[in-house]
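Undergrad: If you read the sequence shown in UniProt numbering, its first letter stands for residue 1, the second for the next number, and so on. The beta-carbon is built from N, C-alpha and C at its ideal position, and this holds for glycine as well. Quick caveat, the model's predicted, so the values are computed rather than measured.
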Amino acid sequence: APDIPVIDQAYSKLSNSITVEWRAVPGATNYMLTAQDGDSFVETIVKNSPGTVTGLKPATLYRITVRSINSGGKSQPSPFRKVKTVLAAPILSVHSPSCDSIAVSWKAVHMAAGLSVSLMRSDGLGRMLKQNTTNSSLIFTNLDPGTLYTIKAYAWNANGMPGDDFTYNQRTSPDAPVDVKVAFNSGALRAVVSWLPTEGALTYSVTVSSGLLKLRCNTSSASCMVPSLQCSSEYYVSVTAYNDAGASEPTDAVSLKTIPCAPVNISIEEDEPGHLLVSWSSVSLGHYYVVFVKSDDGLEVHCNTSHTQCHFQSDCGFTYFISVFAYNKAGQSPLGDVLNYTTAPCCPSDFRAVFISSDTVRVTWAPVRGADLYETRAAGGSGVALCRDTATACTLSALQCSTPYNITVYSFSEARGSNASCAPQYVATAPCSPEIKNISKEGLSVISVQWQPNNEEAMYVVTARGEAGLWHCTSTRNSCTLMDLPCGSAFSVSAIARSPAGQSLPSYSIPLETAPCCPHDLIVTQVTQSVTNISWSVGKGAQTYVTTLESPKGQAKCHTLQTYCLLGCITCGTNYTVSLRAISETGLTSSCTYQGYSSSACCPFGVKLYRLSNNGIRVFWRASDETINYSADLHGSKGNFSCTPSSGLSHCDITKIPCGDVYTVVVAPVTNKGPKLTFCPKKIYSVTCSGSSVGMVIYRGKSNPKHI
1 APDIPVIDQA YSKLSNSITV EWRAVPGATN YMLTAQDGDS FVETIVKNSP GTVTGLKPAT
61 LYRITVRSIN SGGKSQPSPF RKVKTVLAAP ILSVHSPSCD SIAVSWKAVH MAAGLSVSLM
121 RSDGLGRMLK QNTTNSSLIF TNLDPGTLYT IKAYAWNANG MPGDDFTYNQ RTSPDAPVDV
181 KVAFNSGALR AVVSWLPTEG ALTYSVTVSS GLLKLRCNTS SASCMVPSLQ CSSEYYVSVT
241 AYNDAGASEP TDAVSLKTIP CAPVNISIEE DEPGHLLVSW SSVSLGHYYV VFVKSDDGLE
301 VHCNTSHTQC HFQSDCGFTY FISVFAYNKA GQSPLGDVLN YTTAPCCPSD FRAVFISSDT
361 VRVTWAPVRG ADLYETRAAG GSGVALCRDT ATACTLSALQ CSTPYNITVY SFSEARGSNA
421 SCAPQYVATA PCSPEIKNIS KEGLSVISVQ WQPNNEEAMY VVTARGEAGL WHCTSTRNSC
481 TLMDLPCGSA FSVSAIARSP AGQSLPSYSI PLETAPCCPH DLIVTQVTQS VTNISWSVGK
541 GAQTYVTTLE SPKGQAKCHT LQTYCLLGCI TCGTNYTVSL RAISETGLTS SCTYQGYSSS
601 ACCPFGVKLY RLSNNGIRVF WRASDETINY SADLHGSKGN FSCTPSSGLS HCDITKIPCG
661 DVYTVVVAPV TNKGPKLTFC PKKIYSVTCS GSSVGMVIYR GKSNPKHI
């Protein structure tokens, strides 16, 4: 085995090791170092001197020995040396409580009498700071913010022997950022916060707070975008810088007022036709408001106000789109509810009412903007007549005649309903149809018509209509008289009422028949002494006729369908009144009077012929009235002869009458005019010649001639 080594020196520079130096032993290939602490020991094999035993406890006294080793074995331990390990390095707790300080603290180091702590910028700039202390902590102040510092500390024992040192790099926390600016994007409701970069800051945190609401934005750059801000809110913006040492103080808060929210509770009222009132609730942070009103024809107007309502002019039948914006320094509020308001449709214009009849009126008007439906209302009388239609015309029927009506045409729309401001128009219906109560005759061609007056201030027109033409009479009362109606005619009589409002329907027609016409011509012809023939022209409208000849001595009457009649029992030489009644089919009678008629004088009786000495004949008769003049007519084959006596005589003579002939002798009264009467009795006499030119006169009669 090799020789025993001799230790030159042994010392501890680290708290967990002791270094040993010895002289080399010839033939030794290795050395064993042993550090013993009581019953425990630590061994280490090294090649040569010096050698270090590690894994030791700090501040502990060890016995150190060395043994040499070769292939032959180990030598005996060298004489020991007592060596105490140095103090352990303090375990530091370091942080930067502020941007210009670093706080260092530690736990007590075993066997330490004090501690030495030094601090210096890691970049070597500036001076080193060092403090010796027996406390367990200390603070370095007046440091540069955000700067990396190197901190070294070691403990020393009562002999002033330093122990292991502890090195720690610590950065001071950053200073608060400066020149913080907030750029607000009103459209996106977000803000971009920017600042100047801070020395030593690794990251930044932006805090945007409003009441209990806090929004954060973290970034490593010098700006940050904060989204999702609320309208009508005031935020306080601060920026904090961070590094591994901690956070800076937050910057002074910067106030950020966002745009106002869109106004709510928007209401639109048409306080009066043509005026819109737009009102809304006040908006927080709203400094003023702008109301935009756009009509459906594209025209837009607006109103600026610091109040919560605006007035606008409006037109009927338009739809207005209304939006309200609030404004402040941050900008315009978002678009809120867009309300539409449709004004009531316009009242119809060019209103015209035309009466079709007394109870029916047709109302027309021009179409108006905004109207989907029209309602025509006629108020008057005992009720209301309604008509609804999409057309611009309406017919109102079953109206009361002679009644004033207020007719109003209302326009309707689905959006707004009706326009209640449309003015009515006064219209009076035509008069009621009159009712004819009575038709009476006041004369031959005069008819009185009476009716029930059922209208005020109406003119009544009565019309008689027939084949003969039209006859009218008018009155404002309850009757009028039709004059000069032709006889023998049939009429239909009706009445109408007229007023400024129009004309009524005609009344029900009443048939009217005028009395038949009296015949224009009437001829009385005496057929015999007691029989008279009366003939006449046709009387229009007459069916039968009653003819009467009347005198104080009696009357003769005849009722016939013909236009002539024979009347018997006529008294000769009598003055008669001639009358005729024309009777229609319905029994109407016209009494016609004519010029009186005088029957011819009575025929004489006792007619006899006497021969005269001068070949003449005397005709003798007895007259019924001495005042009547007669004439005698003899008619024979040899000639006709006549004679007329002087007034008052009842005979006359005919001279130079031929004999030997048969004569018809008629003695008849002499009339003032007209033909001779032919109905007086005729007597036949034969005048014979007896040896001379004048013979006997023989009366032949009808069968047996007589000789006179």
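With H, G and I counted as helix, E and B as strand and the rest as coil, what does DSSP make of residue 47?
TA: Mapped onto the sequence shown, residue 47 falls at position 47. Coil, per DSSP.
Undergrad: Residue 12: buried (16+ other C-beta within 10 angstroms of its C-beta) or exposed?
TA: In the sequence shown, the residue the question calls residue 12 occupies position 12. When all chains shown are included, residue 12 counts as buried.
Undergrad: In chain order, what residues of the same chain have a beta carbon less than 6 Å from the beta carbon of residue 254, not counting five sequence neighbours either side?
TA: Sequence index remark: in the sequence shown, residue 254 carries index 254 (1-based). The answer, listed in chain order, is 180, 182, 237.
Undergrad: In angstroms with no decimal places, state the Cα-to-Cα distance between residue 558 and residue 504.
TA: Within the sequence shown, the letter at position 558 stands for residue 558. Within the sequence shown, the letter at position 504 stands for residue 504. Cα to Cα, residue 558 sits roughly 50 Å from residue 504.
Undergrad: Only counting the same chain, and skipping five residues up and downstream in sequence, which positions put a Cβ closer than 6 Å to that of residue 594?
TA: Counted from its first residue, the sequence shown places residue 594 at position 594. Here the set comprises 522, 578.
Undergrad: To the nearest angstrom, how far is the alpha carbon of residue 25 from that of residue 19?
TA: Here residue 25 corresponds to residue number 25 of the sequence shown, with the count starting at 1. Here residue 19 corresponds to residue number 19 of the sequence shown, with the count starting at 1. Their Cα atoms are separated by approximately 18 Å.
Undergrad: With distance defined between alpha-carbon atoms, name the residue in 46, 99, 37, 162 nearest to residue 139.
TA: One-based indexing of the sequence shown puts residue 139 at position 139. For the residues 46, 99, 37, 162, the minimum Cα distance to residue 139 belongs to 99.
Undergrad: With the cut-off set at 9 Å, would you say residue 359 and residue 320 are in Cβ contact?
TA: If you number the sequence shown from 1, residue 359 lands on position 359. If you number the sequence shown from 1, residue 320 lands on position 320. No, Cβ-Cβ distance for residue 359 and residue 320 is not below 9 Å.
Undergrad: Comparing C-alpha positions only, which one of 63, 71, 88 sits nearest to residue 77?
TA: For the purposes of this step, residue 77 is identified with residue 77 of the sequence shown, where counting begins at 1. Comparing Cα positions, the closest option is 63.
Undergrad: Pairs of beta-carbons, one from the stretch 409-421 and one from the stretch 362-382, closer than 8 Å: are there three or more?
TA: Yes, the stretch 409-421 is in contact with the stretch 362-382.
Undergrad: Starting from residue 325, follow the beta strand (DSSP E) in both directions and report where the run begins and ends.
TA: Position 325 of the sequence shown, counted from the start, is the residue given in the question as residue 325. Where residue 325 is concerned, the enclosing beta strand (DSSP E) stretches over 319-328.
Undergrad: Mind checking whether residue 642 and residue 662 have CB atoms under 9 Å apart?
TA: Residue numbering aside, residue 642 sits at position 642 when the sequence shown is read from its first letter. Residue numbering aside, residue 662 sits at position 662 when the sequence shown is read from its first letter. No, the pair does not count as a contact, with Cβ atoms beyond the cut-off.
Undergrad: Could you have a look at residue 272 and say whether DSSP puts it in helix, strand or coil?
TA: Locating residue 272 in the sequence shown gives position 272, where the first residue counts as 1. Looking at residue 272 - three-state DSSP - the assignment turns out to be strand.
Undergrad: Please tell me whether residue 630 and residue 669 are closer than 9 Å, where the distance is taken between their beta carbons.
TA: Indexing the sequence shown from 1 puts residue 630 at position 630. Indexing the sequence shown from 1 puts residue 669 at position 669. Going by C-beta atoms, residue 630 is nearer than 9 Å to residue 669.
Undergrad: Applying the criterion that 16 or more other CB atoms from any shown protein chain within 10 Å of the CB defines a buried residue, is residue 709 buried or exposed?
TA: Given a span of 1 to 708 for the chain in the structure shown, any question on residue 709 remains unanswerable.
Undergrad: Compute the beta-carbon to beta-carbon distance between residue 516 and residue 539, rounded to the nearest angstrom, for a pair I have assumed lies under 8 Å.
TA: Residue 516 sits at position 516 when you count from the first residue of the sequence shown. Residue 539 sits at position 539 when you count from the first residue of the sequence shown. About 5 Å separates the two Cβ atoms, so the contact holds.
Undergrad: Buried or exposed for residue 657, going by 16 or more other Cβ atoms inside 10 Å?
TA: Taking the first residue of the sequence shown as position 1, residue 657 is located at position 657. Label assigned to residue 657: buried.
Undergrad: Drop a sphere of 10 angstroms on the beta-carbon of residue 689, count the other beta-carbons inside from all chains shown, and report buried for 16 or more, exposed for fewer.
TA: Position 689 of the sequence shown, counting from 1, holds the residue named residue 689. Counting Cβ neighbours within 10 Å, residue 689 comes out exposed, since fewer than 16 surround it.
Undergrad: Taking DSSP as the reference, what is the three-state secondary structure of residue 657?
TA: For this step, residue 657 is matched to residue 657 along the sequence shown. In the structure shown, residue 657 sits in coil (DSSP, three-state: anything other than H, G, I, E or B).
Undergrad: Between which two residues does the beta strand (DSSP E) carrying residue 604 extend?
TA: Along the sequence shown, one-based indexing puts residue 604 at 604. Run containing residue 604: none; DSSP gives neither H nor E here.
Undergrad: Is the Cβ-Cβ distance between residue 344 and residue 333 less than 9 Å?
TA: Within the sequence shown, residue 344 is the residue found at index 344, counting from 1. Within the sequence shown, residue 333 is the residue found at index 333, counting from 1. Going by C-beta atoms, residue 344 is not nearer than 9 Å to residue 333.
Undergrad: In terms of DSSP beta bridges, what is residue 83 paired with?
TA: Here residue 83 is taken as the residue at index 83 of the sequence shown, counted from 1. 62, per the DSSP bridge assignment.
Undergrad: Below 6 Å CB to CB, which residues in the same chain sit around residue 144 once its five sequence neighbours on both sides are set aside?
TA: On the sequence shown, residue 144 is found 144 positions in, with the first residue counted as 1. Result list for residue 144: empty, nothing under 6 Å.
Undergrad: Can you name, in chain order, every residue of its own chain whose Cβ lies under 6 Å from the Cβ of residue 36, other than the five neighbours on each side?
TA: Looking up residue 36 in the sequence shown gives position 36. So the list reads 63, once near-sequence residues are dropped.
Undergrad: Determine the extent of the beta strand (DSSP E) in which residue 452 is found, giving its start and end residues.
TA: Working through the sequence shown from its first residue, we reach residue 452 at position 452. From DSSP, the beta strand (DSSP E) with residue 452 extends over 446-452.
Undergrad: I'd like the span of the beta strand (DSSP E) that includes residue 102, first residue to last.
TA: As a working mapping, residue 102 is identified with position 102 in the sequence shown. Residue 102 -> beta strand (DSSP E) spans 101-106.
Undergrad: Residue 95 lies in the beta strand (DSSP E); which residues open and close that run?
TA: Translated into the one-based positions of the sequence shown, residue 95 becomes position 95. Its beta strand (DSSP E) spans residues 92-98.
Undergrad: For residue 299, count the other beta carbons within 10 Å of its own beta carbon; 16 or more makes it buried, fewer makes it exposed. Which is it?
TA: Counting from 1 along the sequence shown, the entry for residue 299 is found at position 299. Exposed, since its Cβ has fewer than 16 Cβ neighbours within 10 Å.
Undergrad: Spell out the partners DSSP gives residue 237 in its beta bridges.
TA: By one-based count along the sequence shown, residue 237 stands at place 237. The partner list for residue 237 (beta bridge, DSSP) reads 208, 254.
Undergrad: Look at the alpha carbon of residue 293 and the alpha carbon of residue 322, and state the distance between them as a whole number of angstroms.
TA: Your numbering for residue 293 matches position 293 in the sequence shown. Your numbering for residue 322 matches position 322 in the sequence shown. Looking at the two C-alpha atoms, the distance is approximately 5 Å.
Undergrad: I'd like the list of long-range same chain contacts for residue 340, defined as Cβ closer than 6 Å, with 5 residues on each side in sequence excluded.
TA: Residue mapping note: residue 340 aligns to position 340 of the sequence shown, counting from 1. 319, 321, listed in sequence order.
Undergrad: According to DSSP, is residue 23 helix, strand or coil?
TA: Taking the sequence shown and counting its residues from 1, one reaches residue 23 at position 23. Here residue 23 sits in coil by DSSP.
Undergrad: When the distance is taken between beta carbons, is residue 561 closer than 9 Å to residue 547?
TA: By 1-based counting over the sequence shown, the position of residue 547 is 547. By 1-based counting over the sequence shown, the position of residue 561 is 561. No, the pair does not count as a contact, with Cβ atoms beyond the cut-off.
Undergrad: Quick check: the Cα distance between residue 518 and residue 684, rounded to an integer number of angstroms?
TA: Within the sequence shown, the letter at position 518 stands for residue 518. Within the sequence shown, the letter at position 684 stands for residue 684. Using only the alpha carbons, I get a separation of about 45 Å.
Undergrad: Restricting to Cα atoms, I'd like to know which of 391, 600, 268, 90 is closest to residue 162.
TA: In the sequence shown, the residue the question calls residue 162 occupies position 162. Ranking 391, 600, 268, 90 by Cα distance to residue 162 puts 90 first.
Undergrad: Name the DSSP bridge partner or partners of residue 477?
TA: As a position in the sequence shown, residue 477 is number 477, starting the count at 1. None, per the DSSP bridge assignment.
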